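Taken in order, these protein sequences are the chains called W and U.
Here the first sequence stands for residues 312 to 634, numbered as in our numbering.
Here the second sequence stands for residues 0 to 333, numbered as in our numbering.
A virtual CB, placed ideally from N, CA and C, is assigned to each residue, including glycine.
As the structure is a prediction and not an experimental result, all values here were calculated from the model.
Below is one structure; the comments refer to it alone.
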Amino acid sequence: MSNIVEVNNLTVSFVVRGGNLLLFERGGGMADVVNDVSFNVREGETFGLAGETGSGKSVIAWALVGLMKPRSGSIKVLGKEIDFGKKADVTYLRHNIGIVFQDPVGSLNPRLQVKEIIKEGLIAAKTFDRREYDKRIEEVVDLVGLRKSSLEAYPRELSGGEKQRVSLARAIVVPRKMVVLDEPTSSLDVSVQAQVLNTLKELKAKLNLSYFFITHDINVMKYMSDSLGILYYGKLLEVGSTYDVVTNPKHPFTMRLMSNVPGLKRTRLQQEEGRLTEQGSSATGCVYRKICPRVFEKCSNLPPMFDLGSNHLAACFLYDKAS
Amino acid sequence: MAETGAKADLLKVNDLTLDYATVDGRVRVLQNVSMTINKGEIVGVVGESGSGKTTLGLGIIGLLDSPPADIIGGSVTFEGKDLLKLGRSELSQFRGPGIGMVFQESLAALNPVYRTDTQLKESIEVLRRAQNLDLSDGAEQEMMVQILNDLRLDRPEWVLKKYPHELSGGMRQRVSIAMAIVERPKLLILDEVTTGLDVYVQNRILNILKDLNRRTGTAMMFITHDLLVASQISDRLYVMYAGRVMEEGNTDNILNAPAHPYTQKLFAAIPQGFVDSPPLPAPKGEAPDLRKLPTGCKFNPRCPLVMQKCKDIEPPVFETIQGSKVLCWLLEKT
């Protein structure tokens with residue numbers, strides 16, 4: 312299988328002054344919100360990215376569609392390295408990668424009808440003949456499982472699940488290789504979430520899409536993704552096939568994460584002892600060492616990714632064969 | 000630890016029926032909802048958006064504004080007193096030391112211009128008035144540190160000096176919980192308190208609540224949309240849909256053998272397998288529009304086992320062998 316997207320040593324920074332993030336101002340220091348992250352998304356595969364609030368998941372998503380410029384590192388799409396300074400390259404990126412945002416209300420223009428919202432995707436891409444717009448919109452609405460009657464509707468008239476289907480339609484109205492799904496179901500009820508997840512899987516098979524799937528719900532992640540990356544404070548701590556990472560987590564953070572996932576068969580609460588310092592990152596060495604239960608001297612250095620075989624990698628000195 | 004018998008009842012909601020009067024007309028939000036919470040028991044209330052679970056919580060503690068809320072019938076009895084018949088000032092005596100509530104959004108529930116200690120002192124003041132306590136400043140400080148310690152917050156003295164925006168989501172949620180439990184309520188209503196938190200922070204909070212329940216015997220009503228979370232913490236479950244309790248019973252029984260097709264569908268909709276698993280058997284359609292509810296059983300348009308009877312007549316409560324109470328014609332003994 313060839314790689315649709317190759318991300319190498321991606322670092323994205325925000326400008327900070329006095330400890331506060333400044334998203335729109337210049338000057339001040341830089342904070343790496345995504346730090347030296349590498350992964351590949353193979354053709355027809357779903358790559359899942361899990362991590363807690365503020366770990367930088369969405370920032371990676373934004374970089375993948377050119378909404379955020381990397382400070383260093385590279386993103387290759389179908390083998391072509393994207394130069395974020397060149398408009399043509401960013402256009403190329405967006406022709407191949409679409410995105411569905413987390414908030415279905417905020418990401419749809421309330422003053423446009425559904426058909427106009429979807430049409431904007433076509434207008435931006437400039438690859439379709441204007442006379443084919445209506446036909447294409449009808450096709451895509453059918454694909455994502457929306458009723459024809461919703462074409463005339465405004466976002467406020469739609470339910471949460473329908474809004475996310477409109478977002479999805481806009482993302483795939485121009486045929487794309489990959490769709491970035493940033494928490495696409497986290498605002499939906501479980502029964503509606505199940506419907507949307509089913510549609511996503513069907514679409515992926517039908518259109519041979521790849522997904523870059525972000526969620527903090529490990530049950531959803533397991534069900535959706537082939538490969539899985541675990542992000543913590545901007546650092547990728549572990550990556551591998553979803554089965555390996557879920558059933559045999561290697562990084563202490565992943566172990567802790569997986570032991571806390573509630574399941575239907577395991578409904579007893581996992582007891583955790585001691586005081587709760589649930590958050591904390593270390594500026595030097597391993598980001599997790601401040602609260603890691605297995606920390607040792609070596610952790611004051613920055614751990615590289617150790618290869619554990621069968622594409623399973625973990626950034627943890629426990630797996631350093633040299634020691 | 001749930002005792003049976005009428006004496007153990009702490010809260011009894013009986014056939015509570017409630018409308019919201021809106022510009023578009025009246026909407027029935029709760030229909031004949033009955034619920035019992037025994038002393039020291041944790042009861043989970045689950046349902047999707049619009050099922051009426053938050054309204055039920057607010058109705059019990061008397062925080063619904065009227066208008067728009069209009070109570071049509073039923074009673075809410077707390078320790079033998081019907082709360083619905085009480086006036087505003089009488090009712091406020093029950094809040095705090097009687098019934099406490101923790102809201103979903105900790106950022107909105109906490110006053111942004113008060114530090115943690117000021118907020119907590121407000122709650123302590125309520126307790127002091129209710130129980131005529133004589134607390135020195137030092138004792139008050141000790142009490143606050145103690146409660147934050149109990150909630151396993153790191154560096155309680157530091158947290159006390161912080162404003163809400165300086166704390167993380169998990170810390171804020173625990174400060175809100177601290178505000179409620181410092182008043183030593185007999186019943187604590189928790190509305191989506193773990194929603195939006197990372198899994199292990201969520202897990203910690205559930206552990207803390209369960210521990211609190213064991214130590215102090217505080218009864219809890221745990222409202223959530225997350226069936227897995229509810230089943231982790233609660234002794235009994237109430238499953239709500241369109242303002243009705245569709246199924247009620249022992250948590251283990253419902254987990255092992257959900258009786259109502261809606262409960263079954265809710266469980267089935269939770270992804271459990273890996274990527275090669277079959278499609279999720281999701282119920283068709285979305286949460287119902289309360290203004291246009293179908294006749295008969297309110298779940299019938301989405302139910303895979305629907306019968307003609309379900310479309311004509313709304314089912315009464317049937318009891319299963321295990322003692323669950325279910326609103327479904329399938330359980331009618333013929």
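In summary, Thr558 of chain W is exposed, with fewer than 16 beta-carbon neighbours lying within 10 Å of its beta-carbon over all protein chains present.
Every beta strand (DSSP E) stretch that sits fully inside the segment 97 to 132 of chain U and reaches 3 residues is listed by chain position as 98 to 101. In the structure shown, Thr53 of chain U falls within a helical segment according to DSSP collapsed to helix, strand and coil. Closest in C-alpha terms to Leu57 of chain U, from the list U:Ile188, U:Glu156, U:Asp149 and U:Leu236, comes U:Ile188.
Interface flag for Gln504 of chain W against chain U is set, since a Cβ pair is found closer than 8 Å. Under the DSSP definition of a beta bridge, Val348 of chain W partners with W:Leu321. For Arg27 of chain U, the enclosing beta strand (DSSP E) has its first and last residue at Gly24 to Asn37.
Spatial neighbours of Ala436 of chain W in its own chain (CB-CB distance under 7 Å, excluding positions within 5 residues in sequence) are listed in chain order as His406 and Val485. Residues of the same chain with a CB within less than 8 Å of the CB of Pro563 of chain W, apart from the 5 flanking positions on each side, are Tyr599, Cys603, Pro604, Arg605, Cys627 and Leu629 in chain order.
Proximity of the segment 196 to 207 of chain U to the segment 57 to 70 of chain U falls short of the contact definition, fewer than three beta-carbon pairs being nearer than 8 Å. Those residues of the segment 341 to 366 of chain W placed with their C-beta closer than 8 Å to a C-beta in chain U are Thr357, Glu363 and Thr364, ordered along the chain. Interface residue (Cβ-Cβ distance to chain W less than 8 Å): Asp197 of chain U is classified as such. Interface residue (Cβ-Cβ distance to chain W less than 8 Å): Gly95 of chain U is not classified as such.
The Cβ neighbour count for Arg301 of chain U, taken over all protein chains shown within 10 Å, is at least 16; the residue is labelled buried.
Measuring C-alpha to C-alpha distances from Glu354 of chain W to each of W:Val477, W:Ser536 and W:Ile448 identifies W:Ser536 as the nearest. For Asp149 of chain U, the enclosing alpha helix (DSSP H) covers residues Asp136 to Asp149. Among the CB atoms of chain U, one or more fall inside 8 Å of the CB of Pro573 of chain W.
By alpha-carbon distance to Thr223 of chain U, the top candidate from U:Thr217, U:Val192 and U:Leu85 is U:Val192. Beta-bridge partners assigned by DSSP to Phe524 of chain W: W:Gly359 and W:Leu492. Arg405 of chain W: member of the alpha helix (DSSP H) spanning Lys398 to Asn407, first to last residue. Lys283 of chain U counts as exposed, since fewer than 16 other C-beta atoms from the protein chains shown sit within 10 angstroms of its C-beta. For the segment 173 to 241 of chain U, the continuous alpha helix (DSSP H) assignments of 4+ residues that do not extend past its boundaries occur at 198 to 215 and 226 to 232, in sequence order. Taking Phe350 of chain W as reference, the option from W:Gly409, W:Ser478 and W:Lys387 with the minimal CA-CA separation is W:Lys387. The beta-carbon distance between Arg213 of chain U and Glu40 of chain U, rounded to whole angstroms, is 12 Å. This is too long to meet the 8 Å contact definition. Residue environment: Asp18 of chain U is assigned as buried (16 or more neighbouring CB atoms within 10 Å of its CB, all protein chains considered). Spanning the alpha carbons of Asp347 of chain W and Met566 of chain W requires a straight line of approximately 22 Å. Taking the C-beta atoms as reference points, Ile146 of chain U is found nearer than 8 Å to Ile180 of chain U.
The segment 512 to 529 of chain W and the segment 543 to 553 of chain W do not touch, with fewer than 3 CB-CB distances between them shorter than 8 Å. Bridge partners of Val244 of chain U according to DSSP: U:Met239.
The Cβ atoms of Pro184 of chain U and Pro96 of chain U sit closer than 8 Å to each other. Beta bridge pairing from DSSP links Met341 of chain W with W:Val326. When U:Leu9, U:Leu10, U:Thr53 and U:Leu304 are compared, the shortest CA-CA separation from Gln103 of chain U is found for U:Thr53. Bridge partners of Arg94 of chain U according to DSSP: U:Ile98. Taken through DSSP and simplified to helix, strand or coil, Tyr19 of chain U comes out as strand.
Closest option to Thr402 of chain W, judged by alpha-carbon separation, among W:Pro421, W:Pro415, W:Ile434 and W:Arg422: W:Ile434. Any Cβ of chain U closer than 8 Å to the Cβ of Tyr554 of chain W would place that residue at the interface, and such an atom is present.
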